[in-house]
Structure formats: C-alpha cells, structure tokens
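Numbering (the working numbering), first residue to last: 822 to 907.
Below, the structure is given as structure tokens:
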C-alpha cells in the first residue's frame, strides 16, 4: 500500500466511524428518552429503517475501506524521476 492509499483508508474509516456513531448516538438518546417516559415524537417505520440503512452504510464504509482506498488512490504514486512521467 502506498502512503496515499493508507491515508485514503484512514480517512474512509474515520468518516465511517463518525457517520455510524452519529446515528447510533441519536437513536440511543431517542430510545433512552422513550424508556424514561419522556414525551417523544413517534417516527414512522420508513424513517427508522432508512436511518438503520445509513448506519449500515457507515459500517460498510469501515469494513471496505481498504479495497476502496486501493481504487481511489490508484495511480497517485510519484514517479521515480520526479517529473510526473511514468
């Protein structure tokens, strides 16, 4: 793995973790308020399923970050001569 690919994998993992943590935090706060008896807005099932799909997307971004980094950063290595030609 080149340094560009390592950085791309790190960024993808970081984005995936933050994305998933955001949805997990929001829904855990919602469920905690509901469990404590606080009056909360009831969301329709398509909203809940959609947010679960967003969280699954974030997890898949973490899982597949290395292959995606290989695709994204392919061809970004510096040439040995330093002039940009191959």
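Quick reminder that beta carbons are idealized off the backbone N, C-alpha and C, glycines included.
Contacting residues, own chain, Cβ-Cβ under 8 Å from residue i (five flanking each side not counted)
i, result
"residue 845", "876"
Straight-line gap, residue i to residue j (C-alpha atoms, nearest Å)
i, j, result
"residue 893", "residue 828", "11 Å"
"residue 824", "residue 855", "46 Å"
Outcome for residue i when other beta-carbon atoms lying within 10 angstroms are tallied against a minimum of 16
i, result
"residue 837", "buried"
"residue 879", "buried"
"residue 860", "exposed"
7 Å Cβ shell around residue i - same chain, five flanking residues per side excluded
i, result
"residue 871", "none"
Cutoff 6 Å; reference residue i; Cβ partners in own chain excluding five residues on either side
i, result
"residue 840", "879"
Is the segment 829–836 close to the segment 858–868, with three or more CB pairs under 8 Å? no
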